[in-house]
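Shown next, in structure tokens, is the structure this report addresses.
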Amino acid sequence: MSGKVLQGIGYLIRIATAVVLLVVVLPTVYQAMGKAERCTAFSWSASKQWAVCAETARAEGVWLAARVNGVLKPAADVSLADDIGHNLLCTIVSVLSDRSVVPSDVVQINVALCAFGSAAMICLLLAARFDIAALILSCSVSTIIQEASAHATNPHLSHDGLVLLALVLPCVVGAIAQAGKQKSLCEDMAAGNSSLCSRSWIILGFVCSAAATLVRGAYFALAVAAFVGCVAAGLWLRNRTWQLRFASCRRVLFTSAILVALLMYLPTGILRARDAIWNVAPATCIEFHGLSHNLVIGLGAVDNSLGVEWLDQSGLDLAKKLDPNVVYVTPRYYALLWQQYFSFWEQHPREMVAIYARKCRALLTQTIWGFVPLWSVGVVSLAMAAFAFTRFQKWPGWSFSHAIILTGACIMIYLLLAQGVATHHYRGYWRPIEILFALEIAVFVDLAVGVVARSIRAKSGAVATPQDTQSRWLLTIVAVAVTVGPVLLCWGPAAP
1476 MSGKVLQGIG YLIRIATAVV LLVVVLPTVY QAMGKAERCT AFSWSASKQW AVCAETARAE
1536 GVWLAARVNG VLKPAADVSL ADDIGHNLLC TIVSVLSDRS VVPSDVVQIN VALCAFGSAA
1596 MICLLLAARF DIAALILSCS VSTIIQEASA HATNPHLSHD GLVLLALVLP CVVGAIAQAG
1656 KQKSLCEDMA AGNSSLCSRS WIILGFVCSA AATLVRGAYF ALAVAAFVGC VAAGLWLRNR
1716 TWQLRFASCR RVLFTSAILV ALLMYLPTGI LRARDAIWNV APATCIEFHG LSHNLVIGLG
1776 AVDNSLGVEW LDQSGLDLAK KLDPNVVYVT PRYYALLWQQ YFSFWEQHPR EMVAIYARKC
1836 RALLTQTIWG FVPLWSVGVV SLAMAAFAFT RFQKWPGWSF SHAIILTGAC IMIYLLLAQG
1896 VATHHYRGYW RPIEILFALE IAVFVDLAVG VVARSIRAKS GAVATPQDTQ SRWLLTIVAV
1956 AVTVGPVLLC WGPAAP
């Protein structure tokens, strides 16, 4: 098989990807945005407060705050223990369209986040020259976009897109760590300006991770863990000793530390800027999701002898036993629940172990796609990442190792499983595992085909051509257009 034949097959794969994007993904996004308009009620209690805050911003120009009975309150005191992402996005929609937020806007935001996450990951795969992976993922993203358009204002419906957004930056920095300097990533697409292209990807990746962090604060931990794993994978794959690897990557590691710090303080920084600009009073409740509340009431996800139930009221009842005057979701409230949680371990260690064993069993026996148990997802995910480490060899067909993406996705899958065990085995908490596993399968298939074709391409001396560059750029534009275009077009200027 000659290099021209392989090049022709590559063209066919990219043409197939374009067809899937135009024939499948484009109509799906458009229909999902239209379907969202059928939502007429704020089914998620916090979403009602997002609308109130958005109306305050439109009427008074004060963002992330609400006017309640004539008093201006910070968003945290009306939308209790909530991340600021959806609130901020609802405000942007309200201000730009100059109208009140309606339930369908929240659903359309969920659809948009899933569409943008899908587009970002498909574009990254194309930049890495993982053409087969881009094709397979394009066939998979329609499902998460359709689910996001369900008639509910539940923010969990956007989480499939958020994990893809959170994974972009770790993969980009991991690729640069593998190269040792800002080259390799998109080197054929950058037309001789690979350093600029890599910087552009870092900026895009940071924006993606920032969006994921603002909408779901817990995904900051996923992004950071994937960040560490991808950078470590990139350093490991370099053909040098560890001392030389770190010595030549000090800039990458320094940049990584800065990016992580910026992500960590971004939500807090936005809120403090709000306080300074509009003189908003400090919040009496915590401004983000608290861990101890879900950790304690999560014990009630299964039968237990502790009297705990999976209800917010159960957490408040436990806190009031320690302090009858405690106020719900205040810092004092969360401190008392930490005290109660550790007290359970001290007084009922066997029951706590039994509870987590039951929770683990309840989670790992659930299935994705109706037939794949979650325990096998964890095993296969780890095996695919390990295989990628043993089979990588730099050659003209790839910009960086498949192991970097597989490592990041694998870490996220295990953290989502840990979240399910720690809190609840409710599907909304672990559903993003499905798209992450689909991404892993797509990347692994690309790797397997590449391993078979490697010797053929090496013998033929085939390299990337200007036509390859142009086709990937065109396909990248198509991927962005079919996901972003319908989102922008379907947000009308007015609502009934």
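Residue numbers for the sequence shown follow the numbering used here, beginning at 1476 and rising by one. Each residue gets a CB set at the ideal place from its N, CA and C atoms; glycine is no exception. Given the structure is predicted, the values throughout are model-derived calculations rather than measurements.
The DSSP assignment places complete alpha helix (DSSP H) segments of no fewer than 4 residues inside the stretch 1535-1585 at 1560-1572, in order along the chain. Non-local beta-carbon contacts of residue 1738 in its own chain, meaning distances under 7 Å to residues more than five positions away in sequence, involve 1684, 1685, 1688, 1695, 1698 in chain order. Between residue 1776 and residue 1726, the alpha-carbon positions lie close to 46 Å from each other. Taking a 10 Å sphere around the C-beta of residue 1905, we find 16 or more other C-beta atoms and assign the residue as buried. Distances from the alpha-carbon of residue 1581 to those of 1743, 1509, 1544 put 1509 closest.
Between residue 1954 and residue 1641, the C-beta gap is not smaller than 7 Å, which leaves the two residues out of contact. A distance of 7 Å or more separates the beta carbons of residue 1589 and residue 1557. For residue 1843, DSSP records a beta bridge to 1847.
Nearest to residue 1693 by alpha-carbon distance, out of 1489, 1559, 1521, 1805, is 1559. The Cβ-Cβ distance between residue 1643 and residue 1710 does not fall below 7 Å. Residue 1762 sits in coil when the DSSP states are folded into three classes, being neither helix nor strand. Each of 1875, 1882, 1746, 1960 was checked against the Cα of residue 1602, and the nearest Cα belongs to 1875. Annotation: residue 1649 to residue 1507 spans about 34 Å, alpha carbon to alpha carbon. Secondary structure at residue 1756: coil, using DSSP grouped into helix, strand and coil.
In terms of Cβ geometry, residue 1811 and residue 1794 form a close pair [threshold 7 Å]. Annotation for residue 1702: the continuous alpha helix (DSSP H) segment containing it runs 1694-1711. Taking 8 Å as the upper bound for CB-CB distance, residue 1950 and residue 1489 are in contact here, some 5 Å apart. Contact check for residue 1620 and residue 1503: beta-carbon distance about 5 Å, within the 8 Å limit, so the pair qualifies. In the structure shown, residue 1820 adopts helical secondary structure according to DSSP, grouped into three states. Shown here, residue 1899 sits in coil according to DSSP, grouped into three states, outside any helix or strand. Excluding five sequence positions before and after residue 1912, the CB atoms of its chain that fall closer than 6 Å to its own CB belong to 1852, given in chain order. In the displayed model, residue 1826 falls within a helix according to three-state DSSP. The Cβ atoms of residue 1552 and residue 1760 sit closer than 7 Å to each other. Taking residue 1518 as the centre and dropping the five residues before and after it, the same chain places the C-beta of 1627, 1628 closer than 6 Å to its C-beta, in chain order. The residues 1585, 1622, 1623, 1625, in chain order, have a CB closer than 7 Å to that of residue 1632 in the same chain once the five nearest residues on each side in sequence are set aside.
Distances from the alpha-carbon of residue 1743 to those of 1579, 1702, 1757, 1862 put 1757 closest. In this structure, DSSP gives residue 1784 a state outside helix and strand, which the three-state scheme calls coil. In this structure, residue 1549 lies away from residue 1804, with their beta-carbon atoms at least 7 Å apart. The residue from 1577, 1544, 1785 with its alpha-carbon nearest to that of residue 1898 is 1785. Pairing residue 1858 with residue 1881 gives a Cβ-Cβ distance that is not under 7 Å. Straight-line measurement puts the Cα of residue 1535 at about 43 Å from the Cα of residue 1892. DSSP, reduced to helix, strand and coil, places residue 1804 outside both helices and strands of the structure shown, so it counts as coil. The continuous stretches of alpha helix (DSSP H) do not include residue 1633, and DSSP gives it neither H nor E.
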